[in-house]
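Below is one structure; the comments refer to it alone.
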Amino acid sequence: MTGRWLRSLLRLLSLQASFTFERLQGIGFAVAEEPLLEPLRHDAGRAREARGRSAQYFNAHPFLAGIAVGAMAKAEVDGEPEERILRLRTALSGPLGALGDQLFWAGIVPAIMGVILIAGAVGYGLQALVVTVVGYNLCRVLVTAWGLRLGLTHGVAVAGELSRSPLRAIAGVAGILAAVVIGAAIPWVGHWLLAGAARARLFGFTLVGVAVVVGVATRSRPVPAPLVTMAAAAVVFLWRWSSG
Amino acid sequence: MIEQPFLALLVWGTIAGLDLASVLQGLLNRPLVAGGVAGAILGDPLSGLAIGGCLELFALDVLPVGSTRYPDYGAAAVAAVAFGAYQPQAQSLGLSVLLGLLLAQLGGVAVVVHRRVNALALGRFAERLDRGDPGIATRLHLIGISSDLVRSVALAGIGLAAARLLVLAPHLDPDTSQALSTVVVAGGVLAIVGGALRRAGTPRRMLWFGGGLAAGLLSLVLR
């Protein structure tokens, strides 16, 4: 089992390589589940049906998808009815996506980036970068491994186990941490990047104030900042060009 | 002019591109990380961190979820640093970050193309895949990885070529360079603040963000 589990884990690290707009992570899911379906190799019919089901539409957070892969594989090997297996797949997709997005994309990742930004502003950027990237990747692999094990252990009952896990609470804390760290990083980064500009401090404080007002006013209709920046840069070029 | 280790930057840009969605997603695609490492490769990590840091302000406004189209800042940051390294920050930050922003948008378009290639391959094998034929999913997956590898190499190569051309082009005068630097920092702050407020969602979390901002401002004033 360990060898098959390890192969599945390694394949989960590239879950989204075959992402399509039609099935999203479905093909990657099938590739990751394949080693876990080996116990069915003596029953060609069941193995074929399981493989066919495994490549259907699926979308979750890539780091937590192992929970569904493990649970589906156990359900297939245990001979659960097709309807139940497909229902499990659909039922896990949304919650695993929302939880993972909250935990990683809106929590841990911005918090880490905020820490590196502050460290960069005070001169320790490279050290912070190495430590946090190594730590994050360790955490990423451990979470995926834990999820795969959870799914394989509990099969169709994995949803209940997931709701008892501390992930939701951790996601809440990570979100707060991200909000605080990003908030603290903004003045430091402005100070760092505007170094050398005339009246940098006054400009920086004004900029943060304006950004907060604009941010609050455009919460429901976000400003496409990269496009606005490129347009403003084009104006600068035109202005400099026209003034000789 | 300092000779740049083109091959090392190309390899690093490619790794950063693959890390966006296809393989690992281990922060290597974040512009701050990609830029910092590119700076270290070039022997100028501080420029790498500053340029990557400014691009990170824009990247933090993006949630890379599901089938949404999002920019690819990894290889873009590598190319931006290849241009901006060994130049004074006020002189190079603006143009470097603008190059990075443009390349990131191009990378986003390339991601859509890569996914269409995956869809074409799926269309060809869908019947056999749904029938459960062995090895089909793996074949499609390998096509996906190869396609993203080509995308990442191409993006990094185009970016580094553009950086090289910009290095050879006549330099901007100091006032224009400074104005561009101010513009990109202002755009970045606008992006990160907007993104943080939207992501906060609840009023309680917005208060946490406000608390962090106040602490940051206070610590900067008292320093």
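Taken in sequence, the protein lines are chains W and C.
Counting from 559, one number per residue, gives the positions in the first sequence under the numbering used here.
Counting from 15, one number per residue, gives the positions in the second sequence under the numbering used here.
All C-beta atoms, glycine included, are put in the ideal place defined by N, C-alpha and C.
All of these numbers come straight from a predicted model, not from anything done at the bench.
Of all Cβ atoms in chain C, is any one closer than 8 Å to the Cβ of residue i?
| i | result |
| --- | --- |
| Thr-711 of chain W | no |
| Glu-580 of chain W | yes |
| Met-788 of chain W | yes |
| Ala-743 of chain W | yes |
| Tyr-615 of chain W | no |
| Gly-652 of chain W | no |
| Trp-563 of chain W | no |
| Asp-865 of chain W | Shown here, chain W extends from 559 to 802; a query on residue 865 of chain W therefore has no answer. |
| Gln-574 of chain W | yes |
Check whether the Cβ of residue i lies closer than 8 Å to any Cβ atom in chain W.
| i | result |
| --- | --- |
| Pro-148 of chain C | yes |
| Asn-132 of chain C | yes |
| Thr-28 of chain C | no |
| Arg-178 of chain C | no |
| Ser-106 of chain C | no |
| Phe-72 of chain C | yes |
| Leu-136 of chain C | yes |
| Gln-101 of chain C | no |
| Gly-121 of chain C | no |
| Met-15 of chain C | Caution applies to Met-15 of chain C, whose pLDDT of 43 falls short of 50 and renders its modelled position unreliable; the value that the coordinates give is listed next. So no, Met-15 of chain C is outside the interface. |
| Arg-165 of chain C | no |
| His-185 of chain C | no |
| Pro-78 of chain C | yes |
| Ile-159 of chain C | yes |
| Gly-230 of chain C | yes |
Within 10 angstroms of its Cβ, does residue i collect 16 or more other Cβ (buried), or is it exposed?
| i | result |
| --- | --- |
| Phe-579 of chain W | exposed |
| Ser-801 of chain W | exposed |
| Asp-601 of chain W | exposed |
| Thr-216 of chain C | exposed |
| Met-15 of chain C | Interpretation of Met-15 of chain C is limited by its pLDDT of 43, a score under 50 that renders its predicted location unreliable; no figure is taken from the coordinates. |
| His-185 of chain C | exposed |
| Ala-52 of chain C | buried |
| Pro-148 of chain C | exposed |
| Leu-796 of chain W | exposed |
| Gly-773 of chain W | buried |
| Pro-639 of chain W | exposed |
| Trp-799 of chain W | exposed |
| Ser-166 of chain C | buried |
| Glu-141 of chain C | exposed |
| Ser-160 of chain C | exposed |
| Leu-696 of chain W | exposed |
Consult DSSP for residue i and reduce its assignment to one of helix, strand or coil.
| i | result |
| --- | --- |
| Phe-795 of chain W | helix |
| Thr-787 of chain W | helix |
| Thr-82 of chain C | coil |
| Gly-637 of chain W | coil |
| Gln-9 of chain C | Not covered by the structure: residue 9 of chain C. The range shown for chain C is 15 to 237. |
| Leu-622 of chain W | coil |
| Asp-33 of chain C | helix |
| His-600 of chain W | coil |
| Asn-695 of chain W | helix |
| Phe-223 of chain C | helix |
| Thr-776 of chain W | coil |
| Ala-729 of chain W | helix |
| Gln-103 of chain C | helix |
| Ser-651 of chain W | helix |
| Met-15 of chain C | For Met-15 of chain C, the predicted model reports a pLDDT of 43, less than 50, meaning its position is unreliable and no value from the coordinates is stated. |
| Ala-183 of chain C | coil |
| Ala-753 of chain W | coil |
| Asp-162 of chain C | helix |
| Tyr-682 of chain W | coil |
| Asn-43 of chain C | coil |
| Thr-190 of chain C | helix |
| Leu-573 of chain W | coil |
| Val-76 of chain C | coil |
Return yes when at least one heavy atom of the ligand SAM lies under 7 Å from the C-beta of residue i, else no.
| i | result |
| --- | --- |
| Ala-229 of chain C | With respect to small molecules bound, the structure shown includes none, and the ligand SAM cannot be examined in it. |
Using DSSP bridges, identify the partner residues of residue i.
| i | result |
| --- | --- |
| Phe-616 of chain W | W:Leu-582 |
The segment 159-178 of chain C / the segment 582-591 of chain W touching (three or more Cβ pairs under 8 Å): no
message: Three Cβ pairs or more, each shorter than 8 Å: is that satisfied between the segment 98-118 of chain C and the segment 784-795 of chain W?
response: The segment 98-118 of chain C vs the segment 784-795 of chain W: in contact.
message: Does the segment 726-742 of chain W come into contact with the segment 633-649 of chain W, if we say contact requires no fewer than three beta-carbon pairs (one atom in each stretch) closer than 8 Å?
response: no
- prompt: So, do the segment 19-28 of chain C and the segment 78-85 of chain C have three or more beta carbon pairs nearer to each other than 8 Å?
  reply: no
- prompt: With contact counted as at least three CB pairs below 8 Å, one residue from each stretch, are the segment 31-46 of chain C and the segment 677-692 of chain W in contact?
  reply: yes
- prompt: Quick check: the segment 710-723 of chain W against the segment 622-632 of chain W, are there 3 or more CB pairs under 8 Å?
  reply: yes
The segment 54-64 of chain C / the segment 180-195 of chain C touching (three or more Cβ pairs under 8 Å): no
- prompt: How do the segment 748-765 of chain W and the segment 660-674 of chain W stand: do at least 3 beta-carbon pairs fall below 8 Å, yes or no?
  reply: Cβ pair count under 8 Å is below three, so no.
message: When you compare the segment 760-772 of chain W with the segment 200-211 of chain C, are there three or more beta-carbon pairs, one atom per stretch, that lie closer than 8 Å?
response: Verdict: yes, contact present.
message: Taking contact to mean 3 or more Cβ pairs, one atom from each stretch, closer than 8 Å, check whether the segment 733-749 of chain W and the segment 220-233 of chain C are in contact.
response: yes
message: For the segment 685-692 of chain W against the segment 604-614 of chain W, do three or more pairs of beta-carbon atoms, one drawn from each stretch, fall closer than 8 Å, so that the two count as touching?
response: no
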